[in-house]
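Participant: Following the UniProt record's numbering from start to finish, the sequence shown increments by one per residue and tops out at 291.
Idealized CB from N, CA, C, for every residue including glycine.
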Amino acid sequence: MSGIETRVLDVPGARLRYDIRGDLSAPGAAERAVFLLGSPMDAAGFGTLAGYLTDRPLVTYDPRHAGRSQRTDSTPLTPDVHADDLHRVINDLGLPAVNVFGSSGGAINALALVAAHPEQVRILVAHEPPTVSVLPDREQLEAACRDIHDTYQRDGMGAAMAKFIALTSHTGELPRDWSERPAPDPAAFGLPTDDDGNRDDPLLGPSMLTVPTYEPDFAALAAAPTTIHLAAGAESEGQLTARASRAIAERLGTELVIFPSHHGGFLGDEYGMPGRPAAFAARLRELLDAH
């Protein structure tokens with residue numbers, strides 16, 4: 001695969017930057033192209049995975065307010081806004097439709113894209129979308145997300161991220177007294193204990209209130225011509241994001257697809273805990289090539 005072409009696209013409220021690997025004009029490119037989506041993770045998080053998918057054109061992008069993409073107004077960061085951005089990027093690619101792999105918040109945004117513009121997505125693999133709206137402990141989870149947001153505004157990144165890690169690594173339904181329990185120590189996770197004063201984190205800021213509470217449009221998803229696979233990592237069993245994936249799959253009447261590794265199983269050394277990117281890519285290729 002040749003080098004990376006970077007494009008800039010102005011959309012209402014943002015200037016987006018996205019990258020293309022491979023030749024989108026080659027025969028069969030429209031059927032094989034894959035859009036790799038994260039949120040708030042940007043294109044940099046897919047470098048290792050892209051290295052294992054060199055047999056097809058790839059598109060990655062930085063969501064508004066992440067990486068190289070800037071907001072140009074105060075439009076709220078909601079999944080529907082991100083879905084409209086994705087719709088415009090796909091139009092800019094000049095392809096009638098693409099295949100999409102969405103990770104975490106990117107999976108939520110991809111579900112919103114399919115609901116709004118189903119004709120633009122051939123196959124969607126939605127890996128661990130963290131929407132709490134489909135879970136029986138929704139009330140506790142929403143309270144925990146509000147508490148993380150409030151902690152970030154009050155105490156900064158370290159304190160809020162410690163709570164975020166504790167929440168996302170918990171297995172099973174969330175106890176009703178979760179938000180009343182002692183706060184985890186940021187130092188225990190290698191996080192700073194001091195507040196640096198920054199309040200611009202795309203994960204812990206407003207998105208903490210708008211992304212987990214997203215309610216999928218199940219009627220629109222069921223009616224879409226898109227082949228939709230909900231997926232979760234083998235090591236994520238019982239965690240919030242895996243439970244959400246299973247619940248959405250059940251609502252759509254499909255089987256949950258198990259991928260190797262954890263929530264970030266496609267990662268190399270980009271962020272946090274490395275996954276099993278070679279095995280992850282093989283599973284993704286298997287799903288995409290089955291249709």
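How should Glu5 be labelled, buried or exposed, when 16 other C-beta atoms within 10 angstroms of its C-beta is the threshold for buried?
Facilitator: exposed
Participant: Relative to the C-alpha of Pro192, which residue among Met157, Gly102, Arg283, Leu174 is closest?
Facilitator: Met157
Participant: Across the stretch 61-76 and the stretch 36-43, are there enough close Cβ pairs to call them in contact, namely three or more that are closer than 8 Å?
Facilitator: yes
Participant: Examine chain B for any beta-carbon lying closer than 7 Å to the beta-carbon of Thr48, and answer yes or no.
Facilitator: Looking at the structure shown, chain B is missing, and only one protein chain is on hand.
Participant: Just the C-alpha distance for Leu288 and Asp155, rounded to the nearest angstrom, thanks.
Facilitator: 43 Å
Participant: In terms of alpha-carbon separation, which member of Thr241, Ser25, Gly28 lies closest to Asp137?
Facilitator: Thr241
Participant: So, with DSSP's three-state summary, where would you put residue 296?
Facilitator: Because residue 296 is not part of the residues shown, which for the chain are 1 to 291, the question remains open.
Participant: Using the DSSP secondary-structure output, state which residues sit across from Glu5 in a beta bridge.
Facilitator: Ile20
Participant: Whole angstroms are fine: how far does the CA of Val121 sit from the CA of Leu267?
Facilitator: A direct Cα-Cα distance of roughly 24 Å separates Leu267 from Val121.
Participant: Alpha carbons only, please: which of Leu252, Arg176, Glu215, Lys163 is nearest the one belonging to Glu139?
Facilitator: Arg176
Participant: Considering only C-alpha positions, which residue in the set Arg56, Pro277, Arg181 is nearest to Val98?
Facilitator: Arg56
Participant: Terminal residues of the continuous beta strand (DSSP E) containing Tyr61?
Facilitator: 58-62
Participant: Measure the C-alpha to C-alpha separation of Pro76 and Ala116 and round it to an integer number of angstroms.
Facilitator: Each residue's alpha carbon lies about 18 Å from the other.
Participant: Going by alpha carbons, who is nearest to Pro118 out of Val134, Gly105, Leu86?
Facilitator: Leu86
Participant: What is the DSSP secondary structure of Arg285, counted as helix, strand or coil?
Facilitator: In this structure, Arg285 counts as helix in the three-state DSSP scheme.
Participant: Quick one: residues in its chain with C-beta nearer than 8 Å to the C-beta of Gly272, no 5 flanking neighbours on either side, listed in chain order?
Facilitator: Around Gly272: Gly264.
Participant: What first and last residue would you give for the beta strand (DSSP E) that runs through Val132?
Facilitator: Val132 -> no beta strand (DSSP E), and no H or E assigned at all.
Participant: On the CB-based measure, 16 or more other CB atoms within 10 Å of its CB, does Asp19 come out buried or exposed?
Facilitator: buried
Participant: Helix, strand or coil: how does DSSP classify Thr227 here?
Facilitator: strand
Participant: For Glu255, is the classification buried or exposed, using 16 other Cβ atoms within 10 angstroms of its Cβ as the cut-off for buried?
Facilitator: exposed
Participant: Given a threshold of 16 other Cβ atoms within 10 Å of its Cβ, counted over all protein chains shown, does Asn109 qualify as buried or as exposed?
Facilitator: Residue environment analysis places Asn109 among the buried positions, since at least 16 neighbouring C-beta atoms fall within 10 angstroms of its C-beta.
Participant: Quick check on DSSP: helix, strand or coil for Pro91?
Facilitator: According to the sequence provided, residue 91 is Asn. The question's Pro does not apply to it. Three-state result, Asn91: helix.
Participant: Counting Cβ pairs, one atom from each stretch, are 3 or more of them under 8 Å apart for the stretch 229-238 and the stretch 9-27?
Facilitator: no
Participant: With a Cβ-Cβ cutoff of 7 Å, do Leu95 and Ile228 count as a contact?
Facilitator: no
Participant: If we ignore side chains and look at the alpha-carbon of each, how far apart do Pro184 and Leu209 end up?
Facilitator: 21 Å
Participant: State buried or exposed for Val100, treating a residue as buried only when at least 16 other CB atoms are found within 10 Å of its CB.
Facilitator: buried
Participant: Nearest to Ala219 by alpha carbon, out of Arg276, Glu128, Thr171, Arg251?
Facilitator: Arg251
Participant: Use the C-beta contact count for Pro277: other C-beta atoms within 10 angstroms, 16 or more gives buried, fewer gives exposed.
Facilitator: buried
Participant: Find out if the Cβ-Cβ distance for the pair Lys163, Thr171 is shorter than 7 Å.
Facilitator: no
Participant: Is Asp42 near Gly22, with beta carbons less than 7 Å apart?
Facilitator: no
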